[in-house]
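Positions 251 to 720 (this note's numbering) are the ones given, in order, by the sequence shown. Here's the structure, in structure tokens; my notes come after.
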Amino acid sequence: MPAKDILATQRDHNLTRLLYEDAARRGASYRETIDDRRVGPSTEGIEGLTRFDEPLSSSGTDPMEVIAMLDSVGSPATMGMAGPRFFGFVIGGSLPVTVAANWLATAWDQNTGLALATPATSKLEEVSLRWMNGLFGFPESTGCAFVTGAAVANMCGLAAARHATLRRAGWDVEQDGLFGAPEITVVVGEEVHPTVLKALGILGMGRNRTVQVPVDNKGRMRPDSLPSISGPAIVCLQAGNLNTGAFDPAGEIIPWAHDKGAWVHVDGAFGLWAAVSDRLSHLSAGVTDADSWATDAHKWLNVPYDSGIAFVRDAENLRRSMSLTASYLPMTDLREPSQYTPELSRRARGVEIWAALKTLGRDGLRAMIDQSCDNATRFADGLRNAGFTILNDVVLNQVLVSFGSDDLTKQVISRLQEDGTCWCGGTLWQGKTAMRISVSGWSTTADDVDMSLAAMIRIAREELALSTDQ
Ligand SMILES: *Cc1c(COP(=O)(O)O)cnc(C)c1O
251 MPAKDILATQ RDHNLTRLLY EDAARRGASY RETIDDRRVG PSTEGIEGLT
301 RFDEPLSSSG TDPMEVIAML DSVGSPATMG MAGPRFFGFV IGGSLPVTVA
351 ANWLATAWDQ NTGLALATPA TSKLEEVSLR WMNGLFGFPE STGCAFVTGA
401 AVANMCGLAA ARHATLRRAG WDVEQDGLFG APEITVVVGE EVHPTVLKAL
451 GILGMGRNRT VQVPVDNKGR MRPDSLPSIS GPAIVCLQAG NLNTGAFDPA
501 GEIIPWAHDK GAWVHVDGAF GLWAAVSDRL SHLSAGVTDA DSWATDAHKW
551 LNVPYDSGIA FVRDAENLRR SMSLTASYLP MTDLREPSQY TPELSRRARG
601 VEIWAALKTL GRDGLRAMID QSCDNATRFA DGLRNAGFTI LNDVVLNQVL
651 VSFGSDDLTK QVISRLQEDG TCWCGGTLWQ GKTAMRISVS GWSTTADDVD
701 MSLAAMIRIA REELALSTDQ
């Protein structure tokens, strides 16, 4: 097809409608069948990906064919992360309404950096921020950045922390950099998430310069082992340990840190959401007293990738660390999204967050969080009753199980992934190899847990029999 005809087909509204409807139909079919398909992609599915290995054509391809190929070659090689029996990492699915909101917002194609240029999406981010401040119990002064995930949210929170602690010491880090700046002491727990260390590296505060606080047998920082600190300091807490789900004792550590003049940042990638549940909020007691928080929306809020949020109690500290000005960028008195994020141009992440919260309401959100924790408890009970060892205190949505020796546990994980009924990953926690079951998806039911338990127990018993035969 001549190049000008290719663009002409893209201008044809009838074709556009067919294309969008086709993609929507394919997306709906994908989601309709996800409950019944194997969770990990099949070997044939993965091998089929070689069909993408073709030279770039000169003449282009009919758009309907492009979407058909994406579906027929791509879909079978996807991991069933959106389905009810994916328990790997701490991932979550995506509520159908958030996928639909994402599609519409993608059709809008708004560059959500400026309130004047993109009023609808800027407004929705402002409303989402207000709603989340209310849900988490943050003061109204709290500002936020809608970013790609907790990794970048940790970076934004720590950038605001770096700004504020050095400003108090009379140093303007944004203008003058870190060369010659007063030193900042950074305190983390021994089981700090690697993205916090990575953020410290990016921000010039060093991955290896941290003071590490020992943790107890649940993975929580021990308040009786805090270092002595003075001068500019940042203390990083974790709300929701990625292995155990445990929370660092914020109620004890935050008053100590503030007494020393330190900034407190909380990595609450999934754990922050415990605050919305009456049953769970005791875990996060005291967390609201921190100065900044990072969380994910693509984990427990169940919106599509990628979506995370950095909150900073005094929005000015976030703004001063992220803002920029340019003569061609009109600024208003409204909340200007790009004044709070590392990015200038970005997609409208707040739209899906708004759609999730608007659909669920407080009660639906609470039910979704509680349901994950009930299902985690069901997993732990089922495995314990079958004679296997649960290594953690199941306080939230995380379960660590050992099937016996480290080798046996690794073998069970690998066979379970091949089996396809469900998908779990492995971990090494406090010297022990474990399978990690993380229940974060909105669609998981008790039946999904029972079906997964049956597969786990069957495979573990087969492997146990094989290992004792030898
Ligand atoms: C998942 C996670 C992160 C990183 O979040 P991304 O969404 O992958 O950027 C950071 N901290 C904790 C505790 C996590 O569970």
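Cβ coordinates follow ideal geometry from the N, Cα and C atoms, glycine included.
_Chain-order list of residues whose beta-carbon lies under 7 Å from that of Gly393 (same chain, five-residue window excluded)_ = Taking the sequence shown and counting its residues from 1, one reaches residue 393 at position 143. The beta carbon of Gly393 sits closer than 7 Å to those of Val562, Ala565, Leu568, Arg569 and Tyr590, all from its chain and outside the five residues before and after it, given in chain order.
*Name the DSSP beta bridge partners of Lys682, please?*
For the purposes of this step, residue 682 is taken as residue 432 along the sequence shown, with counting starting at 1. Note: Lys682 sits in a beta bridge opposite Trp679.
*What is the residue span of the alpha helix (DSSP H) that Gly614 lies within?*
Position 364 of the sequence shown, counted from the start, is the residue given in the question as residue 614. Looking at the DSSP string, the run of the alpha helix (DSSP H) that includes Gly614 is Arg599 to Asn635.
_Within 10 Å of its beta-carbon, does Met329 have 16 or more other beta-carbons around it, so buried, or fewer, so exposed?_
For the purposes of this step, residue 329 is identified with residue 79 of the sequence shown, where counting begins at 1. Exposed: under 16 other Cβ atoms inside 10 Å.
*Do Asn552 and Gly342 have their C-beta atoms within less than 8 Å of each other?*
For this step, residue 552 is matched to residue 302 along the sequence shown. For this step, residue 342 is matched to residue 92 along the sequence shown. Contact flag set, yes.
_If you follow the alpha helix (DSSP H) that Ser238 is in, where does it begin and where does it stop?_
Examination of residue 238 is not possible in this model, given that the chain is present from 251 through 720 alone.
*Taking the alpha-carbon positions, what's the Ala365 to Arg472 distance?*
Counting from one through the sequence shown, the residue named residue 365 turns up at place 115. Counting from one through the sequence shown, the residue named residue 472 turns up at place 222. A straight line joining the alpha-carbon of Ala365 with that of Arg472 spans about 44 Å.
_Beta-carbon spacing of Ser557, Arg599 below 8 Å_ = The count along the sequence shown starts at 1 and reaches residue 557 at position 307. The count along the sequence shown starts at 1 and reaches residue 599 at position 349. In this structure, Arg599 lies closer than 8 Å to Ser557 by Cβ.
*Have a look at Ala696 and Glu712 and give me their C-alpha separation to the nearest angstrom.*
Locating residue 696 in the sequence shown gives position 446, where the first residue counts as 1. Locating residue 712 in the sequence shown gives position 462, where the first residue counts as 1. Using only the alpha carbons, I get a separation of about 24 Å.
_Per-residue DSSP class, three states only, for Gly393_ = Mapped onto the sequence shown, residue 393 falls at position 143. DSSP places Gly393 in strand when its eight states are reduced to three.
*In terms of DSSP beta bridges, what is Thr545 paired with?*
As a position in the sequence shown, residue 545 is number 295, starting the count at 1. BP columns for Thr545 point to Ile559.
*asked:* Between Leu492 and ligand 1, is there a pair consisting of the residue's CB and a ligand heavy atom that are separated by less than 7 Å?
replied: Numbered from its first residue, the sequence shown carries residue 492 at position 242. Checking every heavy atom of ligand 1 against the Cβ of Leu492, one is found closer than 7 Å.
_Helix, strand or coil for Phe520? Go by DSSP, reduced to three states._
Taking the sequence shown and counting its residues from 1, the one referred to as residue 520 is at position 270. It is coil, neither helix nor strand.
*Which full runs of the alpha helix (DSSP H) of 4+ residues lie inside the stretch 440 to 501, going along the chain?*
Uninterrupted alpha helix (DSSP H) stretches at least 4 residues long and entirely within the stretch 440 to 501 occur at 444 to 452, given in chain order.
*Helix, strand or coil for Phe339 per DSSP?*
The residue given as residue 339 occupies position 89 in the sequence shown. Correct three-state label for Phe339: coil.
*Tell me, to the nearest whole angstrom, how far the beta carbon of Asn404 is from that of Ala449; I am working on the premise that it is less than 8 Å.*
The residue labelled residue 404 in the question sits at position 154 within the sequence shown. The residue labelled residue 449 in the question sits at position 199 within the sequence shown. Rounded, the Cβ-Cβ distance is 5 Å, consistent with contact.
*Short Cβ contact (8 Å threshold) for Lys549 with Val340*: To locate residue 549, count along the sequence shown from 1; it is residue 299. To locate residue 340, count along the sequence shown from 1; it is residue 90. Pairing Lys549 with Val340 gives a Cβ-Cβ distance under 8 Å.
*Determine the closest residue to Ser391 out of Gly451, Ala332, Thr266 and Thr538, with distance taken between C-alpha atoms.*
Reading the sequence shown from its first residue, position 141 is the one you call residue 391. Per the Cα distances, Thr538.
*asked:* In this structure, how does DSSP classify Thr591 when only helix, strand and coil are distinguished?
replied: Within the sequence shown, the letter at position 341 stands for residue 591. Reduced to three states, the DSSP call for Thr591 is coil.
*So, helix, strand or coil for Leu666, using DSSP?*
As a first step, residue 666 must be located in the sequence shown, where it is residue number 416. Here Leu666 sits in helix by DSSP.
*Relative to the alpha-carbon of Cys406, which residue among Met572, Pro464, Met455 and Ala710 has its alpha-carbon at the smallest distance?*
Residue 406 sits at position 156 when you count from the first residue of the sequence shown. If you compare the alpha carbons of Met572, Pro464, Met455 and Ala710 with that of Cys406, the shortest gap goes to Met572.
_Proximal residues to Gly363 (C-beta, below 7 Å), its chain only, five neighbours per side dropped_ = Position 113 of the sequence shown holds residue 363. Once the five neighbours on either side are set aside, the close Cβ partners of Gly363 are Pro587, Ser588, Leu594, Ser595 and Arg596.
*Tell me whether Arg275 is buried or exposed, calling it buried when 16 or more other Cβ atoms sit within 10 Å of its Cβ.*
One-based indexing of the sequence shown puts residue 275 at position 25. Counting Cβ neighbours within 10 Å, Arg275 comes out exposed, since fewer than 16 surround it.
_Does the beta-carbon of Asp620, which I'm using as the reference point, lie nearer than 7 Å to any heavy atom of ligand 1?_
In the sequence shown, counting from the first residue as 1, residue 620 sits at position 370. With a threshold of 7 Å, the Cβ atom of Asp620 does not count as near ligand 1, since no heavy atom of the ligand is closer than that.
*Report the three-state DSSP secondary structure of Val644 (helix, strand or coil).*
In the sequence shown, counting from the first residue as 1, residue 644 sits at position 394. Correct three-state label for Val644: coil.
*Is any heavy atom of ligand 1 found at a distance shorter than 7 Å from the C-beta of Ala395?*
Taking the sequence shown and counting its residues from 1, the one referred to as residue 395 is at position 145. Within the chosen limit of 7 Å, ligand 1 does not reach the beta carbon of Ala395 with any heavy atom.
*asked:* What I want to know is whether the C-beta of Phe337 ends up closer than 7 Å to one or more non-hydrogen atoms of ligand 1.
replied: Here the question's residue 337 lines up with position 87 in the sequence shown. Between ligand 1 and Phe337, a heavy atom-to-CB distance of less than 7 Å is absent.
*Who are the Cβ neighbours of Arg335 in its own chain at under 6 Å, not counting the five residues just before and after it?*
Along the sequence shown, read from residue 1 onward, the residue named residue 335 stands at position 85. Only Val289, Cys672, Asp698 and Ser702 meet the Cβ criterion.
_Following a CB-centred definition, is Asp517 positioned closer than 7 Å to any heavy atom of ligand 1?_
Numbered from its first residue, the sequence shown carries residue 517 at position 267. Asp517: yes, Cβ under 7 Å from ligand 1.
*Residue from Gly670, Thr677 and Leu530 whose Cα sits closest to the Cα of Asp657*: The residue you call residue 657 lines up with position 407 of the sequence shown. Residue Thr677 is the option with its Cα nearest to Asp657.
*Are the beta-carbon atoms belonging to Thr348 and Ala606 less than 8 Å from one another?*
Position 98 of the sequence shown, counting from 1, holds the residue named residue 348. Position 356 of the sequence shown, counting from 1, holds the residue named residue 606. Cβ distance < 8 Å, so Thr348 and Ala606 count as in contact.
_Quick check: the stretch 252 to 268 against the stretch 304 to 322, are at least 3 beta-carbon pairs closer than 8 Å?_
Contact holds: three or more Cβ-Cβ distances are below 8 Å.
*Which two residues bound the contiguous alpha helix (DSSP H) that contains Thr300?*
The sequence position of residue 300 within the sequence shown is 50, counting from 1. Boundaries for Thr300: no alpha helix (DSSP H) harbours it, and the DSSP string shows neither H nor E there.
*Can you tell me which of Glu282, Ala273, Gly399 and Met331 puts its alpha carbon nearest to the alpha carbon of Pro291?*
Residue numbering aside, residue 291 sits at position 41 when the sequence shown is read from its first letter. Considering only alpha carbons, the answer is Met331.
*With a threshold of 16 other CB atoms inside 10 Å of the CB of Glu668, please say whether the residue is buried or exposed.*
The residue you call residue 668 lines up with position 418 of the sequence shown. That one is exposed.
*From what residue to what residue does the alpha helix (DSSP H) around Leu416 run?*
Numbered from its first residue, the sequence shown carries residue 416 at position 166. It spans Ala400 to Arg418 - the alpha helix (DSSP H) in which Leu416 sits, taken as one unbroken run.
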